[in-house]
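Everything in the sequence shown is counted per our numbering, starting at -12 for the first residue and increasing by one. Report on one structure; see the data block that follows.
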Amino acid sequence: MHPEGITTENEEFVEETIKTLYESPLEKAPWPIGEWAPKSQRCGLIGKKLGSTIMWKKDGTKLLTTMIHISDNHVIRYIPASELIKNAHLHHVRLSKRPRGALLVGSDSADPRLILRINSHYNVLWVLGKIPGAINDYVNLYDSGLLHHRYRDPDNHPPFPTHFPEEQTIEHVDWYAEDIHKFTDESIVFEEEGVA
-12 MHPEGITTEN
-2 EEFVEETIKT
8 LYESPLEKAP
18 WPIGEWAPKS
28 QRCGLIGKKL
38 GSTIMWKKDG
48 TKLLTTMIHI
58 SDNHVIRYIP
68 ASELIKNAHL
78 HHVRLSKRPR
88 GALLVGSDSA
98 DPRLILRINS
108 HYNVLWVLGK
118 IPGAINDYVN
128 LYDSGLLHHR
138 YRDPDNHPPF
148 PTHFPEEQTI
158 EHVDWYAEDI
168 HKFTDESIVF
178 EEEGVA
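Following this line, the structure appears as structure tokens:
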């Protein structure tokens, strides 16, 4: 610290205040590794749209894709369910018998998209089709909330977005969808018609 005539009591107070203000909202001990259950739901991600590019299927079909960069996501704030219940607007009972609904006018959303490639080294996703928004806009990514899209098999389910390097090693850097041409494979060759 720069000597500004601060007493040791004031210096201790400033250090204590900084520790309490910037302390992690998580517990001191690491959380236990979560186990998958049929009602488990993964949290979403916040990504940044990098732009559009082209990928090819193994049969030569050209696909327009959008690249999304996933920066390191950290827990900023955690609100326990017991504190959420205290909010009065969540328990407001509607007296009207009219049906409820939602009308979205001009919202930027997209139908469910297929992830064609994942690069774990640069944290980039290649998603099929265009995604609304300009380059460097933020994108929310999450699993479908529909029950018929949920995984029910305890042996075949997507991993939770947690990685424990001591216990799990990442075997490859790139993951591709089954029908996508990898750039490390041989090029696609088409034979001319009438040539045997």
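Think of the CB as a built atom: it goes at the ideal place given N, C-alpha and C, for glycine as much as any other residue. Predicted, not measured: the structure shown is a model, and the values here were computed from it.
Review point. VAL111 and HIS56: beta carbons closer than 8 Å?
Key: yes
Review point. Along the chain, where does the beta strand (DSSP E) that runs through ILE102 open and close?
Key: 102 to 106
Review point. Which residues in the same chain as ASP130 place their Cβ atom closer than 6 Å to its Cβ, once the five residues preceding and following it in sequence are excluded?
Key: ARG29
Review point. Is LEU8 helix, strand or coil by DSSP?
Key: helix
Point to revise | Where VAL1 falls: helix, strand or coil (DSSP) | key: helix
Review point. Residue ranges of each beta strand (DSSP E) run of no fewer than 3 residues wholly in the region 17 to 64, ordered along the chain?
Key: 32 to 43 and 49 to 57
Review point. Just the Cα atoms here: how many angstroms apart are MET42 and HIS168?
Key: 8 Å
Point to revise | Per DSSP, the bridge partner or partners of TYR125 | key: LYS35
**Study point:** Alpha carbon of GLY21 to alpha carbon of GLU180, nearest angstrom
**Key:** 57 Å
Point to revise | Pair within 8 Å by beta-carbon distance, ILE102 and THR53 | key: no
Practice item. Taking the CB atoms as reference points, tell me whether LYS35 and SER58 lie closer together than 8 Å. Key: yes
Check your understanding: ASP161 bridges to which residues according to DSSP?
Key -> ASN106
Point to revise | Pairwise C-alpha distance: LEU8 and TRP162 | key: 40 Å
Exercise for review: Kindly identify the DSSP beta-bridge partner or partners of VAL111.
Suggested key: HIS56 and ASN106
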